[in-house]
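Those protein sequences? They're chains F and V, same order as listed. Position one of the first sequence corresponds to residue 334 (the numbering used here), numbered consecutively onward. Position one of the second sequence corresponds to residue 2 (the numbering used here), numbered consecutively onward. Worksheet: one structure, shown below.
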Amino acid sequence: MRILIVEDEVRLARNIAEFLRKPGGYAVDIANDGEDGLHMAMTNPYDLIILDLMLPKVDGWTILREIRSKGIQTAVLVLTARDTTDDLVRGLNEGGDDYLTKPFELAELAARCKALIRRCHGRAETIIRIGPLEINTSSHQVRSSGEPVPLHAMEYRLLEYLAMRCGQVVSKTDIMEHLYDFESEKFSNVVEVYISSLRRKLDQDGQHKPIQTMRGAGYILKDLPS
Amino acid sequence: MTPLSLKWRLTIPVALALAVAMVVISALAYANFCELVLSQTDRSLISVGKAIQTIMDDPTLVTDRPNHVKLVLAASADQPREENSPEDAGEQQLTACVWLGNRAKNTIEIGSQPIIGALSDKIRGMAEPPQGQIMSFDMWTSHGRFRVVWLSVVLKDGPGNIAIAQSTEDLYGELHELLWGIIVTALIVVIAMIVMSSMLIVVGLRPIRQTADKLAGITAGNLAQFDWHSLSVPAELQPFVKTVGEMLNRLDATMRQQKIFIADAAHELRTPIAIAKSTLQVALASEHSAEEYRKSLQEATEDMRRLEHLAEELLVLARLDEGADLMQVNNVDLAHLLADLAESYQTQIANAGGRLVCELAPSVVRGDVARLRRLFSNLLDNALRHGPAGGEIRISLRKRESKIEVSVHDEGGNISPVNLPHLFERFYRADNSRSHSTGGAGLGLAIANTIVVQHGGDIRIESNPASGTSVCVVLPSILEKSA
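Below, the structure written as structure tokens:
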């Protein structure tokens, strides 16, 4: 999952990013002004945008209006230090999905991010069940037929991404774009490496084959019978 | 005591005036009418007198004068009215006394006896009118009031007198009826006027009630919703409604400014708290090296400093807003104040590798020392913050006619002309200087502006990349005040 933070307070943005990038967390990009933020939101497929309203160059309301008018459905969490109802109502009316008033708890921000992303994929529950697989999106625990499966942070991110799009084919580029932010070092074969390690860990006896390769198209996590 | 209602305050004087006018007009009309009626009576009595004179002069009638006089009187008398009793009928008739020469002899007396007696008594007590003259007067008898005309005539047989009396009881009865009619009509008119005027006043005051109803719906939240243009009030009330409307608009503007200020202040206060909090939470969220912890603590300390500075500025602004009444105004040696201030900045500027140059002409202004000091230290802080590292800061103090001009100049010239007009607004920060590394919440110049305005002065800022930025403060010189 990849998140964009548009926040002009450099250190606040950095702190949020650091908190959200924690092991098992998200790929996070930062824009420090409205212009960059708008550009990045338009050109990259984010799962969530954390948007400050008072921004230099282009303000948050304009960004919201612009991306919504371009049909970008990404969930937007509005951050604001102004708490007058006018501001909040306006933020939500322009297409914001949720808001937080500064100062806030980072843990609360992370929880709201998670909930928003989940809802964006049409899931209300925190645990995703696919056949024998059980993915707890809040504790990042994965179980297969009741047995805990220990995963690395990137493996978990990849699995969660595939699970959110269960039954859909996702291309390697999609995966790259959603799992890595601009700061990550990218190797083209890294996706294959994680896919194969996930397959090994999730399907030790080789019965289910949960992740399948669609040649030339990408990968798919099939909804398996439990 | 509650003051008399407007209705009565207007109605009572108008009713009184109207009543007085009615009394005067009625009295005049009545008096005139009485006079008219009496003079008519007199004229008819005189013509009867003339007729009697003719009889007296007619030699053919010498023997039968009394009968002829009687006939003339009967013919001239008013027709008895139906309702009058027979006794009254006698009184309707004219009574006449005619005599030649001496009153005691040659007298023809025609009419009812008591009236003739009364008439004789009356005439006896009076002087005869001069020859050929006519006299008329009122006479009161036991039978009521009479009008008497007394002609002194020259007959063929010598001078003679003819006195004719007619009862005026009926006449006065009618006049009294007329008087009552006038009084009743006047009363009705006055009462109708009172009722109508009080009704009209209620109607006339209705726009005020409507305005009041509209105003009752106005609260702090919807001050501007009082749309006085839409109220159809009479011209007399327009100024009142307009004043109220304008006052509410002014209040609304103030409230709105206050709201914006509070929202801005909230933003400025919350942001450093949010940053410090997030820094500490990130530090606590997982294990870090000692170096990383130190960095986090340093950053949090820096945020606290920013907050402290902001709190200080907000307090200063709040105190300044309390008004100019709290100013302690004295003669202030501005050159001395600036030299002193420059000295305290010297080390700081030197440490940053810059220079501070002062050109101070001796000048004295009226003002509050502490506020003036705050004003110029804010300007120096700004120069230090926005000027290039190692640049020169110049303070110059000049006298110009009746004004004193202080300018603080630095070599940074990157303020865009778009931002210049807004620099003195509270919390305004030009975008390019927005990053908090340069510090300041955008209150420094707002505070400076408030202080300058309180001192009756003027502040402006000029900036261009070639010459740098100057903030110029113009204060009235003390000479102007004493002059």
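Glycine is no exception: its CB is placed at the ideal position from the N, C-alpha and C atoms. If you're wondering where the values come from, they're calculated on a predicted model, not measured in any experiment.
| Asked | Found |
| --- | --- |
| Considering only their Cβ atoms, is the gap separating ASP411(V) from GLY445(V) smaller than 8 Å? | no |
| What is the residue span of the alpha helix (DSSP H) that VAL524(F) lies within? | 523 to 535 |
| Give me, in chain order, the residues of the same chain whose beta-carbon lies closer than 7 Å to that of LYS390(F); leave out the 5 immediate sequence neighbours on both sides. | ASP366, GLY367 and GLU368 |
| Quick one, which of SER45(V), LYS71(V), THR42(V) and GLU300(V) has its alpha-carbon nearest ILE56(V)'s? | LYS71(V) |
| Out of GLY118(V), ASP158(V), ALA193(V) and PRO208(V), point me to the one whose CA is closest to TRP141(V)'s CA. | GLY118(V) |
| Could you tell me the distance, in whole angstroms, from the CA atom of SER48(V) to the CA atom of LEU179(V)? | 27 Å |
| Give me the DSSP bridge partner(s) of GLY145(V). | THR142(V) |
| Please report whether the beta-carbon of GLU368(F) lies at a distance below 8 Å from any beta-carbon of chain V. | no |
| By DSSP, does GLY118(V) sit in helix, in strand, or in coil? | helix |
| Along the stretch 512 to 532 of chain F, where does the CB come closer than 7 Å to a CB of chain V? Name the residues. | none |
| Residue ranges of each beta strand (DSSP E) run of no fewer than 3 residues wholly in the stretch 438 to 470 of chain F, ordered along the chain? | 460 to 463 and 466 to 469 |
| Quick one: what's got a C-beta closer than 8 Å to VAL245(V)'s C-beta in the same chain, skipping five residues either side? | THR212, LEU216, PHE227 and TRP229 |
| Assign ALA76(V) to one of three DSSP states: helix, strand, or coil. | helix |
| Would you mind stating whether ILE400(F) and ILE363(F) have Cβ atoms separated by less than 8 Å? | no |
| Should the stretch 343 to 363 of chain F be called in touch with the stretch 500 to 509 of chain F, which here means at least 3 C-beta pairs below 8 Å? | no |
| Would you decide whether PRO543(F) is buried or exposed? Buried here means 16 or more other CB atoms lie within 10 Å of its CB. | buried |
| Starting from GLN545(F), follow its DSSP beta bridges and name the residues at the other end. | ILE553(F) |
| Might you give, ordered along the chain, the residues of its own chain that have their beta carbon closer than 6 Å to the beta carbon of LEU249(V), omitting 5 neighbours on each side? | LEU224 and PHE227 |
| When DSSP labels each residue in this structure, what does THR407(F) get in the three-state scheme? | coil |
| If you drop the 5 nearest sequence neighbours on each side, which residues of the same chain put their C-beta closer than 8 Å to that of GLN347(V)? | LEU357 |
| List in chain order: all unbroken alpha helix (DSSP H) runs of 4+ residues lying wholly within the stretch 356 to 412 of chain V. | 370 to 387 |
| Quick check on DSSP: helix, strand or coil for ASN415(V)? | coil |
| Return the bridge partner residues of THR434(F) from the DSSP annotation. | THR413(F) |
| How far does the alpha helix (DSSP H) with GLY50(V) in it reach, from first residue to last? | 7 to 58 |
| For the stretch 228 to 246 of chain V, list every residue whose C-beta sits within 9 Å of some C-beta in chain F, in sequence order. | none |
| DSSP has GLY112(V) in a bridge; who is on the other side? | Partner(s): none; GLY112(V) has no beta bridge. |
| Could you tell me which residues DSSP puts in a beta bridge with ASN332(V)? | ARG367(V) |
| Mind listing which residues of the stretch 260 to 272 of chain V have their C-beta closer than 9 Å to chain F's C-betas, in chain order? | LYS260, ILE263, ALA264, ASP265, ALA267, HIS268, GLU269, LEU270, ARG271 and THR272 |
| Could you tell me the alpha carbon to alpha carbon distance between SER297(V) and GLN282(V), rounded to whole angstroms? | 10 Å |
| Less than 8 Å between the C-beta atoms of LEU7(V) and GLN167(V), yes or no? | no |
| Leaving out five residues before and five after ALA496(F) in sequence, what residues of the same chain have Cβ atoms less than 7 Å from its Cβ? | ILE461, ILE463, ILE468 and LEU554 |
| With distances taken from CA atoms, which of ALA221(V), PRO235(V) and VAL196(V) is nearest ASP253(V)? | ALA221(V) |
| Could you please give me the residues that DSSP links to LEU101(V) through a beta bridge? | GLY161(V) |
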